[in-house]
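Structure first, commentary second.
There are 2 protein chains.
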Amino acid sequence: MIQTKGYAVQDKKTDLAPWSFERREVGPHDVQFDIQFCGVCHSDLHQIKDDWGGSIFPMVPGHEIVGKVVKVGSHVKKFKVGDLAGTGCLVDSCRKCENCKEGLEQFCSNGSTGTYNALEQDGKTPTYGGYSNTIVVHEDFVLHISDKLDLAAVAPLLCAGITTYSPLRHWKVGKGHKLAVLGLGGLGHMAVKFGVAFGAEVTVLSTSPEKEADAKKLGAHKFIVTKDAEQLKSVTGYFDFILDTVSAPHDLNLYLSLLRVNGVHICVGVPPTPYEIHAFSLIGGRKSLAGSLIGGLPETQEMLDYCAEHDIVSDIEMIDIKNVHEAYDRMIKGDVRYRFVIDMATL
Amino acid sequence: MIQTKGYAVQDKKTDLAPWSFERREVGPHDVQFDIQFCGVCHSDLHQIKDDWGGSIFPMVPGHEIVGKVVKVGSHVKKFKVGDLAGTGCLVDSCRKCENCKEGLEQFCSNGSTGTYNALEQDGKTPTYGGYSNTIVVHEDFVLHISDKLDLAAVAPLLCAGITTYSPLRHWKVGKGHKLAVLGLGGLGHMAVKFGVAFGAEVTVLSTSPEKEADAKKLGAHKFIVTKDAEQLKSVTGYFDFILDTVSAPHDLNLYLSLLRVNGVHICVGVPPTPYEIHAFSLIGGRKSLAGSLIGGLPETQEMLDYCAEHDIVSDIEMIDIKNVHEAYDRMIKGDVRYRFVIDMATL
Numbered sequence: 042m043i044q045t046k047g048y049a050v051q052d053k054k055t056d057l058a059p060w061s062f063e064r065r066e067v068g069p070h071d072v073q074f075d076i077q078f079c080g081v082c083h084s085d086l087h088q089i090k091d092d093w094g095g096s097i098f099p100m101v102p103g104h105e106i107v108g109k110v111v112k113v114g115s116h117v118k119k120f121k122v123g124d125l126a127g128t129g130c131l132v133d134s135c136r137k138c139e140n141c142k143e144g145l146e147q148f149c150s151n152g153s154t155g156t157y158n159a160l161e162q163d164g165k166t167p168t169y170g171g172y173s174n175t176i177v178v179h180e181d182f183v184l185h186i187s188d189k190l191d192l193a194a195v196a197p198l199l200c201a202g203i204t205t206y207s208p209l210r211h212w213k214v215g216k217g218h219k220l221a222v223l224g225l226g227g228l229g230h231m232a233v234k235f236g237v238a239f240g241a242e243v244t245v246l247s248t249s250p251e252k253e254a255d256a257k258k259l260g261a262h263k264f265i266v267t268k269d270a271e272q273l274k275s276v277t278g279y280f281d282f283i284l285d286t287v288s289a290p291h292d293l294n295l296y297l298s299l300l301r302v303n304g305v306h307i308c309v310g311v312p313p314t315p316y317e318i319h320a321f322s323l324i325g326g327r328k329s330l331a332g333s334l335i336g337g338l339p340e341t342q343e344m345l346d347y348c349a350e351h352d353i354v355s356d357i358e359m360i361d362i363k364n365v366h367e368a369y370d371r372m373i374k375g376d377v378r379y380r381f382v383i384d385m386a387t388l
Numbered sequence: 042m043i044q045t046k047g048y049a050v051q052d053k054k055t056d057l058a059p060w061s062f063e064r065r066e067v068g069p070h071d072v073q074f075d076i077q078f079c080g081v082c083h084s085d086l087h088q089i090k091d092d093w094g095g096s097i098f099p100m101v102p103g104h105e106i107v108g109k110v111v112k113v114g115s116h117v118k119k120f121k122v123g124d125l126a127g128t129g130c131l132v133d134s135c136r137k138c139e140n141c142k143e144g145l146e147q148f149c150s151n152g153s154t155g156t157y158n159a160l161e162q163d164g165k166t167p168t169y170g171g172y173s174n175t176i177v178v179h180e181d182f183v184l185h186i187s188d189k190l191d192l193a194a195v196a197p198l199l200c201a202g203i204t205t206y207s208p209l210r211h212w213k214v215g216k217g218h219k220l221a222v223l224g225l226g227g228l229g230h231m232a233v234k235f236g237v238a239f240g241a242e243v244t245v246l247s248t249s250p251e252k253e254a255d256a257k258k259l260g261a262h263k264f265i266v267t268k269d270a271e272q273l274k275s276v277t278g279y280f281d282f283i284l285d286t287v288s289a290p291h292d293l294n295l296y297l298s299l300l301r302v303n304g305v306h307i308c309v310g311v312p313p314t315p316y317e318i319h320a321f322s323l324i325g326g327r328k329s330l331a332g333s334l335i336g337g338l339p340e341t342q343e344m345l346d347y348c349a350e351h352d353i354v355s356d357i358e359m360i361d362i363k364n365v366h367e368a369y370d371r372m373i374k375g376d377v378r379y380r381f382v383i384d385m386a387t388l
């Protein structure tokens, strides 16, 4: 077993604190890489607090993980020692079902294995995430990272990046489309970058007027303060797509009214309470409300390659791991531009 | 003006009763046709009772209208006296907006004109529907009806038919697809006929076990009693599409779980209360919840032509107009197979 240092919560009432644990030895198909940076995702906090139920403790959070390969198994073909490597939200899946075969491991019919707060495919071994110094992952769930980009700023691509890239690709958002990005946070700022890169006209819909300058700097063409009824009215029936990154409760009927005929509202955030949708909000314009969840492994690699080619990374604030609670507090307030990344050298 | 006989409600507290009113003279682009049959749509009842608010009284309901042309305006090119003709839910629209130009008059940006309980494009003249002996409609909103089909059974195609045909065409439902039809009523029975005709595997999801034989007779391949948890479980993650014709409150999260990855749940009914949707129901499988509203004029004609070619009509029960209240009572109980049609000769 590999002795591993990390930060963990012991149960949902305790804070993150240093914890030593073991990871499996590097198997024939495994890659071990030392973690240099790990992004802080809003879902880390949801899971620590058991907001969605079923949390497994002790929990080592973190699923935006990048670092350098230190050991590879005897059968590993895709990686060698010294390579840059990354792992996102998944570390395994059944690999046999229809969805896995199509590269949609996030929808594995038999249940994919999350990077943390999950059980391995054996159904009993807990997984531990990236708030730690090293990790062992089957090579099929390890991604190649370009050395052209700032490694720390690549980390959030593994979740915030693919979560926004995937739906924009799936719905073929691009030239000639009017895309609204609802919420300008970790996910939203990546959605703006991708939307602009894909050629869409991008409008940020935000409750915070003070984010307008940032939105424009990120490349957004328009900015609408959603609390301003007049501004909102000016975009009634305007958008082809809304990418909704908000995980707080909000009235979707309002946003559906901003879509044109055949428009699609895509949710990637998970509010704690159900959406309330009036049938007429969908029927009056043949509109769709859709959801999207991260992306499969092939698409995640495609996204990383696209980012390397187009010089796209996340805007980050680097923190020491001892300051992670302060980072959570600021994240809750929306006071982060736009993703905290832990410098794992501070562990 | 044209003296017209009909059945109307004077306000939402009164019953339908004989009423005489006037229709406009036949203008240069108008077609007048004598109404032989008019279907009874569930939405007639909603509007009479002002369930959706904003009802206009007196109200002559009816938007599944067929009959024979008795007069045409000087500029009318598409119809001549003696032709069979029909009118559905719309009698006008702005004809200038993007949606009208695309033949999606039901989504007219400036507001289409409903066949009854609506105002003409002048914004002040009320429209009166098909529970009457004759009607005057602009030729662009009159449809050609084949003489190959039973005329009375054609009437419901104008609403129940196009409402189910349109989404199945829009989402290209056909060979290789597994389609569920939720609810076997006026709309549902047409959805089954079209789904089968388009080559899909069709499953009826119904609360009423006694409808199984009918469903099979209509061509459905499978029948699932939705109150039977075991039966329902057997189709988890099974369907590509669900066409939801139910206008009573129901839990969509349950039905979304029956969709496979990328599945689409299409609502054509309008329940009185909002749907409650958990974000995970959509996100876990990149699913979509969509709405669809009747169909535009070109597609309605296409549907009628398709029905003539493939010998598709509605299953109907003919009634005298004096029995319309009894018909409503039975419709509420789901006791109609599958559409009441008024024989307007009984007026």
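Going down the list, the protein sequences come from chains E and G.
For the first sequence, our numbering gives the first residue as 42, with consecutive numbering after it.
For the second sequence, our numbering gives the first residue as 42, with consecutive numbering after it.
Backbone N, C-alpha and C fix where the C-beta goes; we use that ideal spot for every residue, glycine too.
Note on geometry: alpha-carbon atoms of Gly103/G and Gly326/E lie some 23 Å from one another. The beta carbon of Leu57/E lies closer than 8 Å to those of Tyr48, Ala49, Val50, Ile89, Pro102, Tyr172, Val365 and His366 in the same chain, with the five residues before and after it left out. For the set Glu358/G, Gly155/G and Gly123/G, the Cα lying nearest the Cα of Gly108/G is the one of Gly123/G. An exposed status is given to Met42/G, since fewer than 16 other beta-carbon atoms sit within 10 Å of its beta-carbon. Contact residues of the region 298-330 of chain G toward chain E are Val302, Val305, Cys308, Val309, Gly310, Val311, Pro312, Pro315, Tyr316, Glu317, Ile318, His319, Ala320, Phe321, Ser322, Leu323, Ile324, Gly325, Gly326, Arg327, Lys328, Ser329 and Leu330 (C-beta to C-beta distance below 8 Å). Under the three-pair Cβ rule at 8 Å, the region 69-83 of chain E counts as touching the region 173-189 of chain E.
Interface annotation, Ser96/E: not in contact with chain G, CB-CB separation never under 9 Å. Fully contained in the region 51-95 of chain G are the following beta strand (DSSP E) runs of length 3 or more, in chain order: 58-64 and 71-80. Around the Cβ of Ser187/E, a 10 Å sphere holds fewer than 16 other Cβ atoms; the residue is exposed.
Around the beta carbon of Gln147/E, a 10 Å sphere encloses 16 or more other beta carbons of the protein chains shown; the residue is thus reported as buried. Nearest in C-alpha terms to Ala270/E, of all of Ser298/E, Leu199/E, Asp52/E and Arg65/E, is Ser298/E. In chain order, Val302, Gly325, Gly326 and Arg327 make up the part of chain G whose C-beta sits under 8 Å from the C-beta of Phe148/E. At a Cβ-Cβ threshold of 9 Å, Thr128/E and Leu192/E do not count as neighbours.
For the set Tyr169/G, His319/G and Tyr206/G, the Cα lying nearest the Cα of Phe98/G is the one of Tyr169/G.
Collapsing the DSSP output to three states places Gln147/G in a helix.
Using a Cβ distance threshold of 9 Å, Ile357/G and Phe381/G count as a contacting pair. Taken in chain order, the complete beta strand (DSSP E) segments of 3 residues or longer contained in the region 169-244 of chain G are 175-179 and 219-223. Of all residues in the region 331-356 of chain E, only Ala331, Gly332, Ser333 and Leu334 place a beta-carbon less than 7 Å from a beta-carbon of chain G. With respect to Leu125/E, Val110/E sits close: the two C-beta atoms are nearer than 9 Å. Using a CB distance cut-off of 9 Å, Gly217/E does not count as an interface residue toward chain G. For Ala194/G against Val309/G, the beta-carbon gap comes to about 20 Å, at or over 8 Å, which does not count as contact. Counting along the chain, no alpha helix (DSSP H) covers Leu300/E; the unbroken beta strand (DSSP E) around it starts and ends at Leu300 to Cys308. Comparing C-alpha distances from Ile318/G to each of His262/G, Val311/G, Leu330/G and Ile307/G shows the shortest one belongs to Leu330/G. The alpha-carbon separation between Ser61/E and Asp384/E amounts to approximately 18 Å.
Residues of chain E with a Cβ closer than 9 Å to the Cβ of Gly278/G are, in chain order, Ser150. Within the same chain, and ignoring the five residues on either side of Cys200/G in sequence, the residues whose Cβ sits closer than 6 Å to its Cβ are Cys82, His104, Glu105, Gly129 and Cys130. Nearest Cα to Lys213/E within the set Gly94/E, Ile283/E, Lys121/E and Glu139/E: Ile283/E. DSSP places Met359/E inside the beta strand (DSSP E), whose first and last residues are Ile357 to Ile360. Against chain G, the beta carbon of Asn140/E has neighbours under 7 Å at Val302, listed in chain order.
When secondary structure is reduced to three states using DSSP, Lys374/E falls in the coil class, being assigned neither helix nor strand. Scanning its chain for C-beta atoms nearer than 8 Å, with the 5 sequence neighbours on each side dropped, one finds around Gly332/G the residues Ile307, Cys308 and Val309, in chain order. Not flagged as an interface residue toward chain E: Pro197/G, since no C-beta distance is shorter than 9 Å.
A distance below 8 Å between beta-carbons, with the five flanking residues on each side excluded, links Leu338/E to the following residues of its chain, in chain order: Leu131, Gly144, Glu146, Asp181, Phe182 and Leu184. In this structure Leu225/G touches Asp255/G by the C-beta definition: roughly 7 Å separates them, less than 8 Å.
Here Arg301/E is near Lys219/E, since their CB atoms are less than 9 Å apart. Burial check for Met359/G: the Cβ neighbour count within 10 Å stays below 16, so the residue is exposed.
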